[in-house]
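Let me begin by presenting the structure, written as structure tokens, before commenting on it.
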Amino acid sequence: MLAIEITEVASRAERDAFIEFPWRIYAHDPVWVPPLILERREFLDQKKHPFFEHGAATLFLARRADEIVGRIMASDDPRYNALHGSNVGCFGMFESIDDAEVAGALFEAAEGWARQRGRNEMMGPIDYSTNYLCALLVDGFQHSPTILTSHNPPYYAALIEGRGYRKTIDFYAWWLENGVGARERLRRFSARLRSRQTTVIRSVNLKNVGAESERLRRVYNAAWSENWGFVPFTAKEFEFMAKELRPIVNPDVTLIAEVAGEPVAFSLCVPDINVALRKINGRLFRFGLPIGLAKLLFYKSRIKTCRLVALGVTPEYRRQGIAETLIFQSIETVMIKLGWSGECSLVLENNTLMNRFLQAIGAEKYKTYRIYSRRLDEEK
10 MLAIEITEVA SRAERDAFIE FPWRIYAHDP VWVPPLILER REFLDQKKHP
60 FFEHGAATLF LARRADEIVG RIMASDDPRY NALHGSNVGC FGMFESIDDA
110 EVAGALFEAA EGWARQRGRN EMMGPIDYST NYLCALLVDG FQHSPTILTS
160 HNPPYYAALI EGRGYRKTID FYAWWLENGV GARERLRRFS ARLRSRQTTV
210 IRSVNLKNVG AESERLRRVY NAAWSENWGF VPFTAKEFEF MAKELRPIVN
260 PDVTLIAEVA GEPVAFSLCV PDINVALRKI NGRLFRFGLP IGLAKLLFYK
310 SRIKTCRLVA LGVTPEYRRQ GIAETLIFQS IETVMIKLGW SGECSLVLEN
360 NTLMNRFLQA IGAEKYKTYR IYSRRLDEEK
């Protein structure tokens, strides 16, 4: 057996090789969606991404006989550890051929990097923090990933568990195909809220993205503060994400609930741009021409699916029908008027109220994602 060489990514060429390696893993996967290479470069640029103002990360490549056979990212978020009283590093962006030796070498490198920073536990898959792409798909492999969700081969779970990692928590993805029944079930909640005349539901104002993103950030940090794995968005991180999402945001289904002019809840529902990204193989330009961009715009206009990315209500305004009303209005616009179907994800397995609610309105739980963790002082 040829030796495995693990190297730290140190050049632009190595970074691009890191980004492009998944094309080998998913060459025969009919549901995989190639990432947009320009976006991945931006995401991994330590001079541009605001995560690096407080956190750190390193990329590793695995080679056998000069052929790339795997990759992994190790990251450290001191803000997360300070908030949770933990001492954890994270692994993310894990991709590997089906080989336990390759996976083990990658994890050894990532764990060693975390140990050098004084961490005694490793958790993942998490790209930087739980505010970004995270969790391993463990059920529902036959379905294409929607925007900002992960996808991986079934054998990854065995590779990760073979290293000694165990389940920490699961997330669910729910699919709602027909909004008619859901709309009827939600009418009474919406009517009850309107009768109180205390809450105003409005569309997000895309002409003032800076101010709106700050309003949403405040709600997010309050609404998610008690959730597993929560780490607050910094202003620059949220602004970075808002800038990325702005081209696909539909203001009719990105809604803000306000009481006396102050935001208390929001919902973010976006067209599933992955449907279009599948057609351009990660590139907007070919031979110097915007061929991929033209394809992207063409297929974007034909998207008939969406994803409810976020729905949050600040603690003091929960159980007042606000969340139900936000979903009701989204269903009215997206599913009834536009005729789309869509996904609601990622929902924590211990979010009993939301999981029961989605089941009650006719959604189907069709995917499961998992976060793993391992003490670094345990025997492998």
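Everything in the sequence shown is counted per the numbering used here, starting at 10 for the first residue and increasing by one. A virtual CB, placed ideally from N, CA and C, is assigned to each residue, including glycine.
Cβ-based neighbour list, residue i, same chain, cut-off 8 Å, excluding 5 preceding and 5 following
i, result
"F296", "A caution first: F296 carries a pLDDT of 40, below 50, which makes its placement in the model unreliable, though a value can still be read off. Hits under 8 Å: none found."
"I77", "A26, F30, R33, L70, A71"
"L298", "Unreliable positioning characterises L298 in this predicted model, as indicated by a pLDDT of 45, which lies under 50. The coordinate reading is nonetheless provided below. Counting only Cβ-Cβ distances below 8 Å, and skipping sequence neighbours, we find nothing."
"I28", "P44, I46, R49, R50, L53"
"L317", "S276, L277, C278, I336, S339, G351, E352, C353, S354"
"N359", "I178, W237"
"V111", "I13, A71, R73, V78, G79, S105"
"N96", "N90, G127, R128, N129, E130"
"L115", "I15, F69, A71, G79, R80, I81, F103, S105"
"N230", "P241, F242"
Beta carbon of residue i nearer than 8 Å to that of residue j
i, j, result
"A119", "F52", "no"
"S276", "A319", "yes"
"G330", "A274", "no"
"S159", "L146", "yes"
"G173", "A109", "no"
"G190", "I135", "no"
"D86", "G113", "no"
"I156", "N283", "yes"
"D386", "N140", "no"
"D38", "T377", "no"
"E104", "G79", "yes"
"I340", "R192", "yes"
"V218", "A251", "yes"
"A266", "I210", "yes"
"L11", "A74", "yes"
"P272", "R328", "no"
"R88", "V240", "yes"
"L215", "C353", "no"
"D107", "Y164", "yes"
"N117", "K245", "In the sequence on display, residue 117 carries Glu and not Asn. Not closer than 8 Å, so no."
Where the beta strand (DSSP E) through residue i begins and ends
i, result
"R72", "65-73"
"V97", "97-105"
"R211", "208-212"
"L115", "Careful: L115 lies outside any beta strand (DSSP E), inside the alpha helix (DSSP H) at 109-125."
"G171", "Taken as a continuous stretch (DSSP letters only), G171 belongs to no beta strand (DSSP E), being part of the alpha helix (DSSP H) at 165-171."
"L215", "L215 -> no beta strand (DSSP E), and no H or E assigned at all."
"L146", "145-148"
Terminal residues of the alpha helix (DSSP H) in which residue i lies
i, result
"V218", "218-232"
"F52", "46-53"
"M132", "First-last for M132: 130-133, but that is the beta strand (DSSP E), not the alpha helix (DSSP H)."
"S339", "331-339"
"A269", "A269 -> no alpha helix (DSSP H), and no H or E assigned at all."
"D25", "21-29"
"L92", "87-93"
"L254", "244-254"
"V42", "No alpha helix (DSSP H) contains V42, which DSSP labels as neither H nor E."
"V284", "283-286"
Cβ shell of residue i (< 7 Å), same chain only, five flanking positions each side left out
i, result
"L357", "I178, F180, N236, W237"
"V343", "V262, C278, C315, W349, G351"
"R124", "L385"
"G188", "I340, M344, I345"
"M363", "V356"
"H152", "V40, Y375, K376"
"S234", "none"
Expected contact under 8 Å - CB spacing of residue i and residue j to nearest Å
i, j, result
"A372", "W183", "4 Å"
"T67", "E14", "That belief does not hold up - the Cβ atoms of T67 and E14 are roughly 16 Å apart, past 8 Å."
"E248", "S222", "6 Å"
"E333", "L142", "Between L142 and E333 the Cβ distance is about 28 Å, and since that is not below 8 Å, they are no contact."
"F175", "R383", "Reading off the sequence shown, one finds Arg at residue 175, where the question assumed Phe. Going by Cβ atoms, the distance from R175 to R383 rounds to 7 Å, so yes, they are a contact pair."
Close-in-space but distant-in-sequence residues of the same chain around residue i (CB under 6 Å, 5 per side omitted)
i, result
"I380", "A144, T177, I178"
"Y137", "F60, S84"
"N290", "P43"
"G133", "C99, F100, G101"
"I300", "Confidence is the limiting factor: at I300 the pLDDT is only 48, short of 50, which leaves the residue's position unreliable, though a coordinate-based value still follows. No residues qualify anywhere along the chain."
"R226", "F242, F247"
"P280", "I257, I312, C315"
Residue(s) in a DSSP beta bridge with residue i
i, result
"L185", "G351"
"P154", "DSSP output for P154 lists no bridge partner at all."
"V78", "Note: V78 sits in no beta bridge, so no partner."
"E373", "W184"
"L11", "Note: L11 sits in no beta bridge, so no partner."
"Y381", "G133, K176"
"L320", "S276"
"T314", "S350"
"E193", "According to DSSP, which records beta bridges pairwise, E193 is partnered with nothing at all."
"V356", "Y181"
Near the ligand PLP: residue i beta-carbon under 7 Å from a heavy atom
i, result
"T342", "Absent from the structure shown: the ligand PLP. Ligands present: none."
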